[in-house]
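Participant:
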Amino acid sequence: MDNIHDISERLSSVVDLRLLVIPISIIIWVGYVVIFRSGVVGKGEKPTRLLDPIPFIFNAFQNLTNMGAFVDRAAPLLQEKKVIRFNLGWRPVYWITGPNRVQKLFATNSSLNSNIVPLILIDKLWGVPKAESRRFAEDQTGRLTSPIPGTMTSPDQKRLWHTEHQIYDKYLTQPPYSYQLGQRFFDVLAKRLDEFPTTEWTTINLFSFMRYAIPECAVITMFGPRMLDLNPGLVDALWDLDANLGKLVWGLPSFITPQPYKIRDGLRAMMAKYLNSAWANFDWNGPDADSDWDDHFGARVSREIAVWLKKNELSMETASGHTMARLFGINGNSVPSVTWAIMESLQRPGLLQDVRDEAQKAITVDASTGERHVNTQKLLASPLLQAIFQETLRMHTSFMLTREARETISIGGYSIERGSLIQAPTDVAHYEEAVWAIDGHPASEFWPGRHIRLVETKDEFGNPVTRPEFFAKARPSSFFPFGGGNVVCPGRHFARQQIIMTLAIIVSKFDIEFIEWTTLDGKKSDRPPINSKDFAGTVSTPPDRDMKIRWKRLW
Numbered sequence: 017m018d019n020i021h022d023i024s025e026r027l028s029s030v031v032d033l034r035l036l037v038i039p040i041s042i043i044i045w046v047g048y049v050v051i052f053r054s055g056v057v058g059k060g061e062k063p064t065r066l067l068d069p070i071p072f073i074f075n076a077f078q079n080l081t082n083m084g085a086f087v088d089r090a091a092p093l094l095q096e097k098k099v100i101r102f103n104l105g106w107r108p109v110y111w112i113t114g115p116n117r118v119q120k121l122f123a124t125n126s127s128l129n130s131n132i133v134p135l136i137l138i139d140k141l142w143g144v145p146k147a148e149s150r151r152f153a154e155d156q157t158g159r160l161t162s163p164i165p166g167t168m169t170s171p172d173q174k175r176l177w178h179t180e181h182q183i184y185d186k187y188l189t190q191p192p193y194s195y196q197l198g199q200r201f202f203d204v205l206a207k208r209l210d211e212f213p214t215t216e217w218t219t220i221n222l223f224s225f226m227r228y229a230i231p232e233c234a235v236i237t238m239f240g241p242r243m244l245d246l247n248p249g250l251v252d253a254l255w256d257l258d259a260n261l262g263k264l265v266w267g268l269p270s271f272i273t274p275q276p277y278k279i280r281d282g283l284r285a286m287m288a289k290y291l292n293s294a295w296a297n298f299d300w301n302g303p304d305a306d307s308d309w310d311d312h313f314g315a316r317v318s319r320e321i322a323v324w325l326k327k328n329e330l331s332m333e334t335a336s337g338h339t340m341a342r343l344f345g346i347n348g349n350s351v352p353s354v355t356w357a358i359m360e361s362l363q364r365p366g367l368l369q370d371v372r373d374e375a376q377k378a379i380t381v382d383a384s385t386g387e388r389h390v391n392t393q394k395l396l397a398s399p400l401l402q403a404i405f406q407e408t409l410r411m412h413t414s415f416m417l418t419r420e421a422r423e424t425i426s427i428g429g430y431s432i433e434r435g436s437l438i439q440a441p442t443d444v445a446h447y448e449e450a451v452w453a454i455d456g457h458p459a460s461e462f463w464p465g466r467h468i469r470l471v472e473t474k475d476e477f478g479n480p481v482t483r484p485e486f487f488a489k490a491r492p493s494s495f496f497p498f499g500g501g502n503v504v505c506p507g508r509h510f511a512r513q514q515i516i517m518t519l520a521i522i523v524s525k526f527d528i529e530f531i532e533w534t535t536l537d538g539k540k541s542d543r544p545p546i547n548s549k550d551f552a553g554t555v556s557t558p559p560d561r562d563m564k565i566r567w568k569r570l571w
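Heads up: take any position in the sequence shown, counting from 1, add 16, and you land on the working numbering.
(1) Output the boundary residues of the alpha helix (DSSP H) element that contains Leu-176.
(2) With a cut-off of 8 Å, do at least 3 Cβ pairs link the segment 523-531 to the segment 496-507?
(3) So for Leu-137, helix, strand or coil by DSSP?
(4) Name the one or two DSSP bridge partners that Val-265 has.
(5) In whole angstroms, what is the alpha-carbon distance linking His-457 and Ser-126?
(6) So for Ile-358, helix, strand or coil by DSSP?
(7) Could you please give me the residues that DSSP links to Glu-485 through a beta bridge?
(8) Considering only residues of the segment 373-421, which uninterrupted beta strand (DSSP E) runs meet the minimum length of 3 residues and lie entirely inside it, listed in chain order?
(9) In whole angstroms, what is the alpha-carbon distance linking Val-46 and Arg-107?
(10) To the nearest angstrom, report how far apart Gly-240 and His-312 are at their CA atoms.
(11) Going by C-alpha distance, which of Gly-158, Trp-111, Ile-136, Asp-185 is nearest Gln-173?
(12) Helix, strand or coil for His-312? Go by DSSP, reduced to three states.
(13) Excluding five sequence neighbours on each side, which residues of the same chain lie with their C-beta closer than 6 Å to the C-beta of Arg-491?
(14) Would you be able to state if there are at least three C-beta pairs under 8 Å between the segment 348-358 and the segment 236-250?
(15) By how many angstroms is the C-alpha of Thr-189 removed from the C-alpha of Ile-183?
(16) Less than 6 Å between C-beta atoms, sequence neighbours within five positions excluded: which residues of the same chain meet that for Ile-100?
(17) When you compare the segment 441-459 with the segment 411-420, are there three or more beta-carbon pairs, one atom per stretch, that lie closer than 8 Å?
(18) Please report the straight-line C-alpha distance between Gly-314 and Ala-403, rounded to a whole angstrom.
(19) Does the distance from the C-beta atom of Lys-564 to that of Glu-532 stay below 7 Å?
(20) For the putative contact between Leu-291 and Ala-335, defined by C-beta atoms under 8 Å, what is the C-beta separation to the nearest angstrom?
(21) What is the DSSP secondary structure of Asp-252, reduced to helix, strand or coil?
(22) Starting from Phe-526, follow its DSSP beta bridges and name the residues at the other end.
(23) Looking at C-alpha atoms only, which residue of Gln-363, Ile-427, Ile-438 is the closest neighbour of Asp-562?
(24) Cα-Cα, which of Asp-139, Tyr-193, Ser-556 is closest to Val-317?
(25) How long is the line joining the alpha carbons of Phe-415 and Pro-441, rounded to whole angstroms?
(26) Can you give me the start and stop residues for the alpha helix (DSSP H) that Arg-151 sits inside?
(27) Report the option in Arg-569, Arg-227, Arg-150 whose CA atom is closest to the CA atom of Pro-7.
(28) State the beta-bridge partners of Asp-562 as determined by DSSP.
(29) Buried or exposed for Trp-571, going by 16 or more other Cβ atoms inside 10 Å?
(30) Give me the Cα-Cα distance between Asp-560 and Leu-135, rounded to the nearest whole angstrom.
(31) Does DSSP classify Tyr-195 as helix, strand or coil?
(32) Among Thr-214, Ala-511, Phe-298, which residue has its Cα nearest to the Cα of Lys-568?
(33) So what's Gln-190 in DSSP terms, helix, strand or just coil?
(34) Taking the alpha carbon of Asn-131 as the reference point, which residue from Glu-148, Trp-142, Glu-154 has its own alpha carbon closest?
(35) Confirm, please, whether the CB-CB distance from Glu-407 to Pro-484 is below 7 Å.
(36) Give the DSSP bridge partners of Pro-163, in chain order.
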């Protein structure tokens with residue numbers, strides 16, 4: 017789940033904005049020359065241009081320093097016009113919405129560069145050496161089995177994107193590995209929750225608790241316990257990276273903002289320590305050589321990726337950066353989404369009880385021991401739990417599906433010139449009334465029922481019955497929290513398991529009482545949370561408030 021727009025107002029408090037005057041002035045001049053003197057702007061009708069109060073300065077500066085405010089200003093115009101344009105320095109940017117227009121970005125062909133964001137992340141976030149980042153950039157063959165026509169430079173070319181995709185597809189997506197991964201996460205989480213007593217109530221701040229409990233369980237599941245053992249303070253370092261992600265991705269030099277680079281390099285050093293230990297201690301000829309999980313590498317997918325990195329002669333800088341990105345990927349988006357799913361359910365007593373009833377259907381009790389067994393696959397197949405997952409991602413995601421035009425293309429009747437960025441923001445697509453409104457429930461309302469329909473079927477005795485069924489309310493081009501086309505978040509299935517399983521086990525395992533809303537630093541708040549503007553454009557948007565609750569474990 018990757019995106020480059022985690023740039024917020026926090027940048028202003030760290031960077032002396034006067035230091036940006038000279039580079040921005042250069043960008044403005046270059047933009048003027050490129051756009052107006054070189055004939056880059058194509059002929060014919062153009063989409064409506066987003067107002068730039070200070071031409072070539074305001075839009076670029078606001079997009080860079082306050083994406084939340086930029087989205088708030090641009091979204092109404094996009095809702096009305098469906099295609100709009102603006103400039104970031106010299107580069108034209110087009111925002112689009114509507115299923116048919118967004119569908120154009122899902123195509124796999126040589127006209128669109130779908131690696132524009134991954135390449136920025138490789139260069140800026142991972143901190144990959146230039147020679148190795150060029151290898152990724154020069155591989156334009158795509159992720160599918162057949163290379164994009166005309167992109168193979170030699171018969172023996174190493175297809176980095178494709179071979180990486182194969183590993184993710186097999187070991188993250190396909191059974192039995194995906195089932196084993198989800199079950200392990202559930203077991204680790206259940207053990208963590210069993211630490212709470214059954215005899216007394218415990219008061220917690222929900223989001224604060226989730227920010228530590230979920231990453232610890234996810235790390236053990238994906239990377240094994242040794243990563244945590246070797247690196248005290250790992251979770252704190254992860255959230256420090258989360259808070260500084262935008263400053264890294266936009267590539268402001270370290271002499272202006274040194275702290276984000278120190279945070280990145282510190283976390284990357286932790287990943288290197290984990291990898292070096294795993295390579296040194298794993299027995300490649302032992303019983304774990306073909307196992308689905310081990311103590312050193314963790315999940316099979318982590319071991320296979322480590323082998324892939326080494327076989328492709330990629331350095332430890334690249335390997336540690338890649339591992340750091342996966343660590344962030346399984347936590348940076350899942351933790352806010354899990355928190356939102358629980359918050360939304362707890363705010364609606366009727367929905368909360370329905371979730372409990374649904375979760376109980378997957379739980380059996382051993383008559384002789386009293387031990388409970390949870391059928392996790394039944395949880396994941398639950399129509400209601402799937403609907404809550406879907407609705408959570410619809411309402412609490414802010415993501416820019418991004419492509420670069422490699423040649424002039426047409427979208428929505430407009431000609432989009434070569435070199436332009438084309439983006440589809442979920443902030444508009446996920447809230448389109450024509451797509452999402454149903455039965456008096458507007459798109460702005462959290463209502464899982466929009467993803468459930470009643471179907472006529474038969475019970476085990478052959479009698480006709482009506483049962484709820486989960487269904488995709490909209491086409492993929494109207495719902496794309498994980499990306500779309502051939503660039504989709506490889507961890508999306510694990511994220512789904514994390515969110516659904518965590519919601520189900522918490523509401524069934526605990527008696528929960530709401531106390532009050534608080535600010536993120538623990539002070540009493542007079543309102544419930546909304547999506548944090550600080551994280552606009554970053555995929556999952558965390559709540560800007562916390563929920564203080566008390567709970568008591570039931571079993």
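Glycine is no exception: its CB is placed at the ideal position from the N, C-alpha and C atoms. No experiment lies behind these values; they were computed from the predicted model shown.
Facilitator: Looking at the atomic coordinates:
(1) 176-184
(2) no
(3) helix
(4) Per DSSP, none; premise fails for Val-265.
(5) 41 Å
(6) helix
(7) Arg-469
(8) 379-381, 388-390, 416-421
(9) Legend: pLDDT at Val-46 = 46, less than 50; position of this residue unreliable, no value from coordinates given.
(10) 6 Å
(11) Gly-158
(12) coil
(13) Pro-115
(14) no
(15) 9 Å
(16) Pro-63, Thr-64, Leu-66, Leu-93, Leu-94, Trp-111
(17) yes
(18) 31 Å
(19) yes
(20) 6 Å
(21) helix
(22) Arg-569
(23) Gln-363
(24) Tyr-193
(25) 6 Å
(26) 146-154
(27) Absent from the structure is residue 7, since the part of the chain shown begins at 17 and ends at 571.
(28) Thr-534
(29) exposed
(30) 30 Å
(31) helix
(32) Thr-214
(33) coil
(34) Glu-154
(35) no
(36) Per DSSP, none; premise fails for Pro-163.
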